[in-house]
Amino acid sequence: MNYIIVGQGLAGTILAHTLLNQNKTITIIDSPDLSKTSKVAAGLYNPVVFKRLVKSWLAEELLGHMNEFYPKAQELLNAKFYFKKNIVKPFSEEHEKVLWLKKTGEDIGKYLSKTIETGFLTDIIHNRIGTGEVVEAGNIDTNVFLDESRNFFKANNILLEEEINYDLLTISENSITYKGITANKLIFCEGHKATSNPYFSWLPFKLTKGETLTVRIPELHLQNVASKVLNKGVFILPLGEGLYKVGATYEWEDLTETPTEKGKLFLIDQLSKLLKVPFEIIDHQAGIRPTVKDRRPLIGLHPDYPSLGIFNGLGTKGVMLAPYFAQQFADYLENSTPMNKEVDIERFK
Ligand SMILES: Cc1cc2nc3c(=O)[nH]c(=O)nc-3n(C[C@H](O)[C@H](O)[C@H](O)COP(=O)(O)OP(=O)(O)OC[C@H]3O[C@@H](n4cnc5c(N)ncnc54)[C@H](O)[C@@H]3O)c2cc1C
């Protein structure tokens with residue numbers, strides 16, 4: 020056996036598919052109830068940082084890998100979960116429009132609509148001065164992707180459903196054994212749960228709780244916006260059948276996965292500022308993002324136990340980061356190809 024992977028959230032699932040694509044043998048160990056994060060996520064990807072209208076970190080490279088990885092996974096799993104959706108940004112101030120139009124002439128312009136639309140959903144949303152749209156954006160339906168992947172792993176007998184017991188690991192330099200399964204390496208993909216992992220809890224996670232609402236907006240449903248995401252204060256992502264996901268909050272003190280009244284009120288307030296029409300709350304969820312002090316992923320092998328590795332720290336952007344860095348990690352593990360120094364856990368040694 021080549022690898023044991025612990026965790027089947029976005030990180031573990033994408034690393035597993037990447038290694039299987041390279042004909043590696045793997046076993047995945049996952050207890051799904053330990054973290055809801057990947058399933059709570061809206062799964063959005065966006066190459067533009069709205070605040071400054073600049074490209075997000077490594078945008079081109081990450082999008083390039085997403086466009087290879089997700090369509091291939093859709094084919095393998097015979098399911099549809101990768102959606103292109105323009106992100107519509109209603110402007111608040113005239114100077115935002117001026118900056119947007121200026122930026123369309125720069126490198127980032129390839130991700131921005133070239134004109135400002137003035138009549139977008141003006142009966143439904145507060146949109147006084149017009150909207151711009153980010154193209155090359157969209158979302159992954161993480162529930163479909165993770166559930167279908169789980170079915171695939173189960174059908175291939177490579178999934179063990181349990182919480183790993185760290186005391187039962189037998190670690191040597193070139194191999195690792197867990198309950199009779201021996202592999203060359205074991206890679207932890209435990210999301211925020213890594214903070215209780217005895218081998219990797221020294222890494223500087225700075226976890227962030229996030230909450231979302233699922234709402235029904237009957238009048239928006241009639242406007243046929245299935246291929247657009249709205250973003251102002253909060254995002255409104257169409258889920259189909261008249262439902263929308265709205266998010267998200269950022270909270271650093273309360274790190275439980277329990278939805279809070281405070282989070283709900285914040286989202287209702289933001290949504291009310293954007294919508295002119297009524298909405299009904301259907302569901303309320305919370306998860307913990309595996310965010311890191313320096314906002315970069317945490318990838319690499321343990322400094323003292325090189326048969327143990329970690330693929331984590333995907334923070335707020337698991338959907339975009341994971342395909343590119345899973346490939347980079349696999350190349351490092353198999354061919355010693357150097358990894359991007361900004362993600363290598365060596366930086367904290
Ligand atoms: C409200 C919210 C909105 C978000 N929106 C977006 C978005 O729009 N776009 C985006 O890209 N990202 C978004 N994110 C971030 C995204 O969810 C994360 O980057 C990503 O899900 C992290 O995935 P992961 O696999 O590292 O961790 P997790 O999702 O936490 O997965 C870890 C898995 O391992 C299992 N596990 C953990 N420890 C053990 C153990 N010891 N033994 C066995 N199993 C174990 C867990 O049960 C789980 O199945 C959002 C997050 C939140 C909370």
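In the working numbering, the protein residues as written are 20 to 368. We put the CB at the ideal spot given by N, CA and C, even for glycine.
Integer-rounded CB distance, given that residue j should sit under 8 Å from residue i
i: residue 200; j: residue 20; result: 6 Å
i: residue 30; j: residue 267; result: So it is not a contact: roughly 19 Å between Cβ atoms.
i: residue 332; j: residue 316; result: 4 Å
i: residue 172; j: residue 96; result: About 10 Å; that fails the 8 Å criterion.
i: residue 53; j: residue 204; result: Not quite, the Cβ-Cβ distance comes to about 22 Å (not below 8 Å), so this is no contact.
i: residue 324; j: residue 202; result: With 8 Å as the limit, residue 324 and residue 202 do not qualify as a contact, their Cβ atoms being about 13 Å apart.
i: residue 326; j: residue 135; result: Actually they are not in contact, since the Cβ atoms of residue 326 and residue 135 sit about 55 Å apart, beyond 8 Å.
i: residue 349; j: residue 41; result: 6 Å
i: residue 39; j: residue 158; result: About 24 Å separates the two Cβ atoms, so there is no contact after all.
i: residue 178; j: residue 119; result: So it is not a contact: roughly 46 Å between Cβ atoms.
Beta carbon of residue i nearer than 8 Å to that of residue j
i: residue 233; j: residue 302; result: yes
i: residue 237; j: residue 245; result: no
i: residue 35; j: residue 105; result: no
i: residue 197; j: residue 321; result: no
i: residue 225; j: residue 292; result: no
i: residue 37; j: residue 345; result: yes
i: residue 274; j: residue 230; result: no
i: residue 228; j: residue 280; result: no
i: residue 319; j: residue 307; result: no
i: residue 334; j: residue 310; result: yes
i: residue 235; j: residue 298; result: yes
i: residue 25; j: residue 180; result: no
i: residue 364; j: residue 239; result: no
i: residue 65; j: residue 153; result: yes
i: residue 182; j: residue 75; result: no
i: residue 133; j: residue 123; result: yes
i: residue 260; j: residue 55; result: no
i: residue 80; j: residue 343; result: yes
i: residue 265; j: residue 284; result: no
i: residue 215; j: residue 32; result: no
i: residue 160; j: residue 100; result: yes
Assigned secondary structure, residue i (DSSP; H/G/I helix, E/B strand, else coil)
i: residue 273; result: coil
i: residue 263; result: strand
i: residue 49; result: coil
i: residue 314; result: coil
i: residue 214; result: helix
i: residue 77; result: coil
i: residue 324; result: coil
i: residue 296; result: coil
i: residue 236; result: coil
i: residue 252; result: coil
i: residue 245; result: coil
i: residue 305; result: strand
i: residue 258; result: strand
i: residue 281; result: helix
i: residue 37; result: helix
i: residue 319; result: strand
i: residue 8; result: This structure cannot speak to residue 8, because the chain is shown only from 20 to 368.
i: residue 333; result: coil
i: residue 201; result: strand
i: residue 196; result: strand
i: residue 367; result: helix
i: residue 32; result: helix
Open item on the list: With three or more C-beta pairs closer than 8 Å as the rule, is the stretch 326-346 touching the stretch 85-100?
Closed with: yes
Open item on the list: Across the stretch 127-134 and the stretch 163-175, are there enough close Cβ pairs to call them in contact, namely three or more that are closer than 8 Å?
Closed with: no
Task: the stretch 102-113 touching the stretch 133-153, judged by at least three CB pairs closer than 8 Å - done: yes
- [ ] Write down every uninterrupted run of the beta strand (DSSP E) in the stretch 336-365 whose length is 3 residues or greater and which is fully enclosed by it, in chain order.
- [x] none
Open item on the list: Restricting to runs no shorter than 4 residues, where is the alpha helix (DSSP H) found entirely within the stretch 123-189?
Closed with: 161-174
Open item on the list: To test your reading of the DSSP string, which unbroken alpha helix (DSSP H) runs of 4 or more residues are found completely within the stretch 54-117?
Closed with: 56-59 and 78-96
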